[in-house]
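Contents: one structure, followed by commentary.
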Amino acid sequence: MTKSDSQLGDALFNDSFDDDRNGWGVIDDPQFGSTAFADGDQVWDFRGSVAHQLPAVLGDQYDRGELDMRDVVVRAEATILAGGGVIGVFCRETPDTDAEWQWYEFVARDGFAAIRHADLEGNLDVLAETDDVSLPDGEPLVIEAACVDDADGDAQLSLTLNGTDVLQATDDEPLGNGVPGLQAWTFPVHERMDIRWHEFTVDQPGP
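The sequence shown begins at -18 in the numbering used here and counts up one residue at a time.
Structure follows, in structure tokens:
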């Protein structure tokens, strides 16, 4: 289902990337690439192994103990202009024991999509994946991820691409409340990726 078709709860956060008012950050690194805001998009042109960004306004809420984004639907609109890596969104970024941070990520490219438990050290625990995905480069795509605990306390995770339900997974050791954001991995590692993010939203799940 698309966002307009699904029964969502209250809107929690929205960024149309007109500027950096929410504190994603502007980066210009000669080795690993850049992030910037141009023509109503957040633009990533990077060559590192991973790009993982969140809005500082939400990170600050988390640090103050004010953030309530455990159960959320995270949605991004983007276009991959160059590169063979994956892009997507993440939810529930929380401290980890063997890395500084960990999260659930929902990533895709043409011919691949996955739901994974990942961390800043590059450790990836695949919870679900498929190669039955058609996402041609240069065409806008909509990535929507749901992170919702069920009545048993398990995390129910799902990925929708361009309005089509693609993957579902369950984690019986769920991550807790944490910040959502944007994610990408280069493939092959350090091959340039050029991504334009058009919009990012976070909503409460519907009833």
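For glycine and all other residues, C-beta sits at the position ideal for the given N, C-alpha and C. Just so you know, these numbers come straight off a predicted model, no measurement behind them.
Around the C-beta of T141, are 16 or more other C-beta atoms found within 10 angstroms, so that it is buried, or is it exposed?
Classification of T141: buried, given that the 10 Å Cβ count is 16 or more.
If the criterion is Cβ atoms closer than 8 Å, does the pair I124 and R56 meet it?
Closer than 8 Å, so yes.
In chain order, what residues of the same chain have a beta carbon less than 7 Å from the beta carbon of S(-3), not counting five sequence neighbours either side?
So the list reads G21 and E180, once near-sequence residues are dropped.
Would you mind stating whether Q34 and G65 have Cβ atoms separated by less than 8 Å?
Their beta carbons are not under 8 Å apart, which means Q34 does not touch G65 by this criterion.
Could you check the C-alpha separation between P186 and E154 for me, to the nearest Å?
Their Cα atoms are separated by approximately 20 Å.
Leaving out five residues on either side along the sequence, give the residues of the same chain with a beta carbon under 8 Å from the beta carbon of A89.
Excluding positions up to five away in sequence, the list reads V67, I68, G69, A95, V114, L116, L122, I124, L140, L142 and V147.
In angstroms with no decimal places, state the Cα-to-Cα distance between H171 and P188.
The alpha-carbon atoms of H171 and P188 are separated by roughly 42 Å.
Who are the Cβ neighbours of A37 in its own chain at under 8 Å, not counting the five residues just before and after it?
Once the five neighbours on either side are set aside, the close Cβ partners of A37 are N3, G4, W5 and G6.
Comparing alpha-carbon positions, which option in M50, Q23 and W178 lies nearest W189?
Since the displayed the chain opens at -18 and closes at 188, residue 189 lies outside it and no answer follows.
Within its chain, find whatever has a CB closer than 7 Å to the CB of V129; leave out the 5 residues flanking it on each side and keep chain order.
If we look at V129 and ignore the five residues flanking it on each side, its Cβ neighbours are D52, Q137 and P186.
Just confirm the distance between the C-beta atoms of L108 and A150, as a whole number of angstroms; I'd bet it's less than 8 Å.
Contact holds; Cβ gap of about 4 Å.
On a Cα-Cα basis, can you pick out the residue from T182, Q164, D184 and I176 that is closest to V31?
Nearest option by C-alpha distance: Q164.
Can you name, in chain order, every residue of its own chain whose Cβ lies under 7 Å from the Cβ of A17, other than the five neighbours on each side?
So the qualifying residues of the chain are V7 and V24.
As a quick exercise: from L105, A19, G144 and D77, pick the residue whose alpha carbon is nearest that of N158.
Comparing Cα-Cα distances from N158 to each of L105, A19, G144 and D77, the minimum goes to D77.
Give me the DSSP bridge partner(s) of A89.
In the DSSP output, where bridge partners are listed per residue, A89 has I68 and A94.
Taking the beta strand (DSSP E) that Q23 belongs to, which residues open and close that run?
Start and end: D22 to F27.
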